[in-house]
Structures are given as C-alpha cells and as structure tokens.
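Enquirer: Next up is a structure, given as structure tokens.
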C-alpha cells in the first residue's frame, strides 16, 4: 500500500505542477468568465438607442394604432421606438418618401413604415431602413403592424375592439417535467444539463485516459520502467498511476466546480449591479444527478484508464500509441454519437440495452438518468456490469502491462512480437 | 546469518523466449561479501540473469534465492539495481527523484532526502540537485542512476555495465565507492565487458556464454589453474623470431609495444628466450605470467563456438 501511495503522490505532484495542467485548469473557468463578461457587455449595448421612425399611412386608420403598439422599452428603460412624424394620406406620397429617404440617409431618421391603402386585403407594409439586419426591430414592427391590421379588420367586420393586442395574444405552453419526487417547470434545462454532463464526461474520460497512456508510455520510452519495476510490482505501478492521474482529474473538476459556483453566485450579482437583465439560465441540477455523475465518471475512468494504460504499455512510441488507442476511443465516440438517439426516447429497448453495455454505460446511462430516471434495477445492473468489466480490463491490462515490461528493452524479434500478441 | 551464507543462489535457472533459450540451467553461487563479476559476450544472457535476480523476469524453470530467502517483494527491497539501460524521469528534479526512488525501496522520505543530499555532494552533483534530470549530461545521469541503486544501502548490489558513459575520473570514483561498499559488507554483482576492470576489482567471476555457465570460481584460482603459460616480451623486433619456434608457441598476440605469446603445454619458456637471443633480438623485458582474463575469456568463448 505504501508503494502505491508513493506512486500516486509522485504522479499527482509532478502532474499538478506542469504548465499544461495549470493552463487547462485555469483556462476553462477563465473562458467562461470571459464569455459571461462579453455577454453582459453585449446586453448593455444591445440596441442602446431609441429608434426614430416615421409612419406614412396611406390607409388612414392605422398610424395611431401602430404608434400605440410601439411601446417596447430598452434594457436601460428608454423607449425602443419614437414616432417622430406621421403622415396620413399625404398630398404627394412621393414627396414624403423622398424627404424621409434623405433623412434616413443622413441619420436623422432610422426608418419609416409605409402602409398601403388596401392593407386589410393583405398588401404588405413596407419598412425602409439602412440596417435591415436588426431582427429584434423587424420582429417588433411585424408584431405591432399585424396587431394593428387585425384590429382594423375586426373593426371593419363590426366588432368594436380597443385592446387588440390583449385579444390576439397567444398562449404559452408551459412544459412541466414529472420526476420521482415532484414536478418542475422545464425550460430546456434538462437538455442543457444532459449535453453539458455528457460533454464533460466524454472530454475528461478521453483526456485523463490519454494522460494515463502517455504517462505509461513515457516510462517505457525513458526506460524508467525497469528501475521502477525493480522496486515495485507492476500492479502497484499500474494502480498508482491510474489513481494518481484520477486524483489530478478530480482536482481539476474541483477547481472547475468551485469557479462555476462562484460565477453563478457572483455573476448574477455583478449583472444586477450593472442593471443588466442578463439572461443567466437558472439551472438546477439535482444532487442525485451529481452523485451519479461522480459514480459514472469513476467507473468510466477506471475502465478506460486501464485500457489506455495497457495501450501505453503495449506501444513503444507515440506513433504506435496513437494507432492502438483508436479501438479504445471508439466506444466513447460511439456513445457520444448515440446522444440524440437516447435523448429522443431514453427508455426504448435499444437505449436500455446500449446503456447496459459496460463500455457505453458511463456516458449513456448518465444521459438517460439526466433525461428521465430509469428504474433503479437498471442503474444498479449497469454499475455492477461496469464494475465486472473494469475488473476484467484491469486484469487484462495488468497482463499486457506485464508483457510490455517484459518486452521492454529487448530488440523485439518477430518471434517475440508473436508471443506478445498471444499474451495480450 | 553466518559469514558463509551465499548472497545469491541460482539453481538450474532457465529462461526461454519461445525457441530461444536465453539462459539454460544456469547454477550460480555468489558468496556474501563478494565482488562478483558476471562476464560473457554480447547476448550471452547476462542481463536476463540479472533481471531474473531482480524479479523483473520470472524464470521458466529453476529457483533463485537471494540473501538467504526465496525472491519476494521484501527481498527485492534489499537489492540495489543499476540497469544496463538507464532510466530516470527526465522532467523530475534530481533530488526529488532520488527521494522517490529511495522511498520506494523502503526508506522514510526524510532519511531518503538526507542521503540523497549526501550522495549528490559526494559525487559532485550538489549544484545540480534542484535541476531536472533532462538538463544533466549523460555522465551525470549515470551517477544519479548509481545513487538510486545504492541510496537504501542494499546488502546486495547489482550493477549492469556501471562504467559505460563515465570518464576515467568518474569511473575511479565509482570503483572506489564500490570497493568501500564491499568493505561495509555489501555483496556486489558486476556485469561488464571491461575485463581489466573485472581483473582488478573482482574476487570471483562467472563466465557465461549462450546462457550456459562456462567458467566459475575465484579469480585467482581460475588464473592459477591456467598456470604461467604466457610470456610477455618487449623487444627490438616485431616478434618474427617467434615463428622460428612453432613447436613452442600456441598463439601470439601483438599489442604494438608488447608481444604476448601463449605457450603450448609443457613448453619451456627458456627456449623462447633462447630463440630471441639467437635471432639477434634485443630483449628489454621478458616476463612469465598468468593468462589475462581477456585471454581466458576469448579462449573459452571461441572454444564454445568452435
């Protein structure tokens, strides 16, 4: 045990001190913070000035209704639109248009609406502007004009309606998600949580797996292995390495989790103090899901890390290792590809079957749990099967590791390579 | 443990790599306190034998006892090992690496740290102790590797080609330390090609060839058994006169300034000298001596191949 501990410690300390680790650990939260700041800045500058618009109403009954409808407020409390001028059935339409065109070009005016006389029959309303790509503005205008025209039509059909907007307002569909214990409003956070967790799991499994592989490979190429193996058993070295790299992974997770907590706590406060209605998604992750996340990360890590470690032990250089690691990463990539399929129907027979295959379990079962908690027997069975598979892979990997060590330092002849293959 | 206990005993140890038998039924006894030379041509099975002693390889047949007990993890901790292929973590600080390797061999870390400092001081590496291994020269790395082998004061020290890459000064430093460790009671197994080193340092040897024990015993006894059958001559001639007495001479070895001639059994060296004088050669040195280990080595190995 003492030797395993020493190996874990060495692995951990030397790894945590590398530039790569510091960069990876700090970069992710920094990027998140940077994105957050950028989004606040964007929110603050979002169409930050009131648009000056004019209305040319050839119909005659719409200018007032449209003006009333353009009542949206900007984030800073100012109105989004100011109707600077309305012309109802002017003597010369061309003259007005020409005048306003000049005003738009010079910037005095941001745009003008032209309402055709037979708008009620469906002739489109025109909006003339320099910036035709501001979708928020066009969406607003579209809604306001539509409501005004609906009001007009209602009036023409005899209904006296004052508050058209009130009447034509649609009804939202509120999605409620029923879980084991309660019901919660669903605004897409399940999807976001599922995506993020799967992404993190996939990335870190590959990342730490490759780390373990490199680490074993490095001991082979630098020939440190023979010195180590004269002092500790291959099993100690293997276990120490996997646990050591795993501990490094946990440290990284911890830093990320803490910074995520800080960002969400203080970020909201910062946004509030800047009077920005920053749309921070209020994501609630149930603690049970977090626990499952840790469980499946651990299972997946041990399963894949010992796989990757054996690749490192079997290969004798980086090039070989890259080719050999392909079959190991394949099940991970596959589970990641299955993502959408599983989410569409997390309890289909295929989803259940796939999520019980140990190599897919870590990602797919977590995905299913985050979407819709499967029956506990499935979770239990998946954990059991993955544990069994891990034991099997560790046993196999220890053999390959052992053989890799045996082959180490020898000029491998064809005979030796054949023997090696037979071993593995 | 009595003084007569063997530090290592190999009984009919065999290691095969498929059809190739690297070591075949090799039996060895290495007396405690010996400075034992394991000799043999390239590919003779020296490194395989040492790796089996180190429990890096498991023998297919036979048994190995080390320090009075069968090989085990505990026994492994009492052996120091300098592998033929050097291996140190390139990006670790020298001192920290030594502390790690010392601790792995069972030393408390504080003690390992103290000893690492002492050794680095002694081998003139103190200035390099906080540097990374990769920044050190080959020779320095070699010394660090040596410290790693001896830091836990092992009763049995296995050194596979310890002098490669060292300049003469450092080679002497290492040799002195090895002799000193033997004084303190360590048994040292030394594998090398350099016969003159073995000749000067080792008290007993084993010569293996193609995985077989060809010759084993106390160096002095072995040399005596060959008798004084070699003459070393320094003279004004290139040794052409030796061709006049083919009945006396078995083989001639020219070293430039010196000629070594091996006599047929029963030949009288006096006759060789006579031939020289009669041939008008001025002899400045004429010495009757035991064969060098080098000669014995070459003879034994070429016999085996013949």
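Residue numbers (my numbering), protein chains in the order written: chain A, 955 to 1378; chain B, 11 to 316. Cβ atoms here follow ideal geometry from the backbone N, Cα and C, with glycine treated the same way.
Let me check understanding here. Comparing Cα to Cα, which of A:1329, A:1288, A:1287, A:1276 lies closest to residue 1301 of chain A?
Expert: It is A:1329 whose Cα lies nearest to the Cα of residue 1301 of chain A.
Enquirer: Cα separation between residue 1263 of chain A and residue 65 of chain B?
Expert: Rounded to whole angstroms, residue 1263 of chain A to residue 65 of chain B spans 22 Å at the Cα level.
Enquirer: Pull up the distance between the alpha-carbon of residue 1319 of chain A and that of residue 1261 of chain A, whole angstroms please.
Expert: Their Cα atoms are separated by approximately 20 Å.
Enquirer: Can you check whether the CB of residue 199 of chain B is closer than 9 Å to the CB of residue 46 of chain B?
Expert: Contact flag set, yes.
Enquirer: How far does the beta strand (DSSP E) with residue 25 of chain B in it reach, from first residue to last?
Expert: 16-27 is the extent of the beta strand (DSSP E) around residue 25 of chain B.
Enquirer: Could you tell me which of A:1090, A:1158, A:1167, A:1113 sits nearest to residue 1028 of chain A, measuring between CA atoms?
Expert: The option with the nearest alpha carbon to residue 1028 of chain A is A:1090.
Enquirer: Applying the criterion that 16 or more other CB atoms from any shown protein chain within 10 Å of the CB defines a buried residue, is residue 1180 of chain A buried or exposed?
Expert: So residue 1180 of chain A counts as buried.
Enquirer: Buried or exposed: where does residue 96 of chain B fall if 16 or more other Cβ atoms within 10 Å of its Cβ makes it buried?
Expert: Flag for residue 96 of chain B reads buried.
Enquirer: Closer than 8 Å between beta carbons: that is the criterion. Which residues of the region 45-56 of chain B meet it against chain A?
Expert: Cβ contacts with chain A: none found.
Enquirer: Can you grab the Cα-Cα spacing for the pair residue 1234 of chain A / residue 977 of chain A, in whole Å?
Expert: Low local confidence applies: a pLDDT of 49 at residue 1234 of chain A is under 50, so the model's placement there is unreliable, and no value is given.
Enquirer: Report all residues from its chain with a CB closer than 8 Å to the CB of residue 140 of chain B; omit the five preceding and five following residues, and keep chain order.
Expert: Taken in chain order, the residues that qualify are 103, 104, 105.
Enquirer: Report all residues from its chain with a CB closer than 7 Å to the CB of residue 43 of chain B; omit the five preceding and five following residues, and keep chain order.
Expert: Once the five neighbours on either side are set aside, the close Cβ partners of residue 43 of chain B are 192, 195, 197.
Enquirer: If you draw a straight line from the C-alpha of residue 1232 of chain A to the C-alpha of residue 1156 of chain A, how long is it?
Expert: The pLDDT assigned to residue 1232 of chain A is 46, lower than 50, so where the model puts this residue is not dependable, and the model offers no usable value.
Enquirer: Tell me whether the beta-carbon of residue 226 of chain B lies closer than 9 Å to the beta-carbon of residue 214 of chain B.
Expert: Contact: yes.
Enquirer: Which residues does DSSP list as the beta-bridge partners of residue 1077 of chain A?
Expert: BP columns for residue 1077 of chain A are empty, so no partner.
Enquirer: Can you give me the C-alpha to C-alpha distance between residue 259 of chain B and residue 22 of chain B, rounded to a whole angstrom?
Expert: Their backbone Cα atoms lie some 39 Å apart in a straight line.
Enquirer: Please report the residue range of the beta strand (DSSP E) in which residue 242 of chain B lies.
Expert: Run containing residue 242 of chain B: 240-245, per the beta strand (DSSP E) assignment.
Enquirer: Work out the CA separation of residue 158 of chain B and residue 1268 of chain A for me, nearest whole Å.
Expert: C-alpha separation (whole angstroms): 27 Å.
Enquirer: Three or more C-beta pairs under 8 Å: does that hold for the region 29-36 of chain B against the region 1347-1357 of chain A?
Expert: No, the region 29-36 of chain B does not touch the region 1347-1357 of chain A.
Enquirer: Among A:1036, A:983, A:1285, which residue has its Cα nearest to the Cα of residue 1383 of chain A?
Expert: There is simply no residue 1383 of chain A to check, as chain A begins at 955 and stops at 1378 in what is shown.
Enquirer: Report the three-state DSSP secondary structure of residue 294 of chain B (helix, strand or coil).
Expert: Residue 294 of chain B: strand per DSSP, three-state reduction.
Enquirer: Exposed or buried, what is residue 284 of chain B when buried is set at 16 or more other beta-carbons lying within 10 Å of its beta-carbon?
Expert: Exposed.
Enquirer: Taking 7 Å as the limit between beta carbons, can you name the residues of its chain near residue 1275 of chain A, skipping five residues before and five after?
Expert: Only 1167, 1171, 1265, 1266, 1269 meet the Cβ criterion.
Enquirer: Just list the alpha helix (DSSP H) runs in the region 38-84 of chain B, keeping only unbroken ones of 4 residues or longer that don't cross its boundaries, in chain order.
Expert: Complete alpha helix (DSSP H) runs here, min 4: 56-63.
Enquirer: Using the Cβ count rule (16 or more neighbours within 10 Å means buried), how would you classify residue 61 of chain B?
Expert: That one is buried.
Enquirer: Is the Cβ of residue 85 of chain B closer than 9 Å to any Cβ of chain A?
Expert: False, the Cβ-Cβ gap to chain A never drops below 9 Å.
Enquirer: Have a look at the DSSP bridge pairing and note the partners of residue 1008 of chain A.
Expert: Its beta-bridge partners are A:1039, A:1066.
Enquirer: Return the chain-ordered list of same chain residues with a C-beta closer than 6 Å to the C-beta of residue 148 of chain B, the five sequence neighbours on each side being excluded.
Expert: 175.
Enquirer: With a threshold of 9 Å between beta-carbons, can residue 1272 of chain A be considered close to chain B, or not?
Expert: It does not; no Cβ of chain B falls within 9 Å.
Enquirer: Quick test of your reading: residue 1067 of chain A and residue 1007 of chain A, contact by CB under 8 Å. State the CB separation rounded to the nearest angstrom.
Expert: Correct: roughly 7 Å between the Cβ atoms.
Enquirer: Can you give me the C-alpha to C-alpha distance between residue 1020 of chain A and residue 1125 of chain A, rounded to a whole angstrom?
Expert: Looking at the two C-alpha atoms, the distance is approximately 22 Å.
Enquirer: How many angstroms separate the CA atom of residue 1186 of chain A from the CA atom of residue 974 of chain A?
Expert: Taking the straight line joining both Cα atoms gives about 28 Å.
Enquirer: Leaving out five residues before and five after residue 251 of chain B in sequence, what residues of the same chain have Cβ atoms less than 6 Å from its Cβ?
Expert: Cβ neighbours of residue 251 of chain B beyond the five flanking positions: 285, 286, 289, 291.
Enquirer: Inspect the beta-carbon positions of residue 1169 of chain A and residue 1128 of chain A and report whether they are closer than 9 Å.
Expert: Not a contact, by the Cβ cut-off of 9 Å.
Enquirer: Give, in chain order, every unbroken run of the beta strand (DSSP E) that is at least 3 residues long and sits entirely within the region 111-172 of chain B.
Expert: Listed in chain order, they are 166-170.
Enquirer: If you drop the 5 nearest sequence neighbours on each side, which residues of the same chain put their C-beta closer than 7 Å to that of residue 1210 of chain A?
Expert: Excluding sequence neighbours, residue 1210 of chain A sits near 982, 983.
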